[in-house]
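Asker: This is the structure I want to talk about, given as structure tokens.
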Amino acid sequence: MAAKPGSKSAFVLFDVIYEDGSRRSNRKVPADILGGLDGDEPARKVIQEQDNEIAKASGKPPLSIAQLLRVGGKKK
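Using the numbering used here, the letters of the sequence shown correspond one by one to residues 2 to 77.
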């Protein structure tokens with residue numbers, strides 16, 4: 002995904018499917034941490050950190066991530 006003109010960093014969007022079957026769409030992850038030997042796996046850590054912050058603010062426990070799907074990517 003290309004960066005918008007004038008922005009300093011590009012983001013990749015992911016849909017997150019949790020173990021309880023719920024889904025959250027278009028979660029942003031910095032593109033510069035993805036790729037290499039780990040592929041999209043670093044996105045899991047970033048999204049989990051985001052979920053922890055959301056859980057802390059809401060007072061609800063974070064959900065466990067079952068699957069990450071890159072928006073516009075091929076499904077496995």
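Glycine included, every Cβ here is placed at the ideal spot set by N, Cα and C.
#1: Taking the alpha-carbon positions, what's the M2 to K61 distance?
#2: With D16 as the anchor, note down where its beta strand (DSSP E) starts and where it stops.
#3: Measure the beta-carbon distance from L64 to S23 and round it to whole angstroms, keeping in mind my assumption that it falls under 8 angstroms.
#4: Check whether the Cβ atoms of I48 and L69 sit closer than 8 angstroms, and answer yes or no.
#5: I66 bridges to which residues according to DSSP?
#6: In whole angstroms, give me the CA-to-CA distance for Y19 and A32.
Answerer: For this structure:
#1: A caution first: M2 carries a pLDDT of 48, below 50, which makes its placement in the model unreliable, though a value can still be read off. Rounded to the nearest angstrom, the gap between the Cα atoms of M2 and K61 is 32 angstroms.
#2: Per DSSP, the unbroken beta strand (DSSP E) holding D16 starts and ends at 12-19.
#3: 7 angstroms
#4: yes
#5: Y19
#6: 22 angstroms
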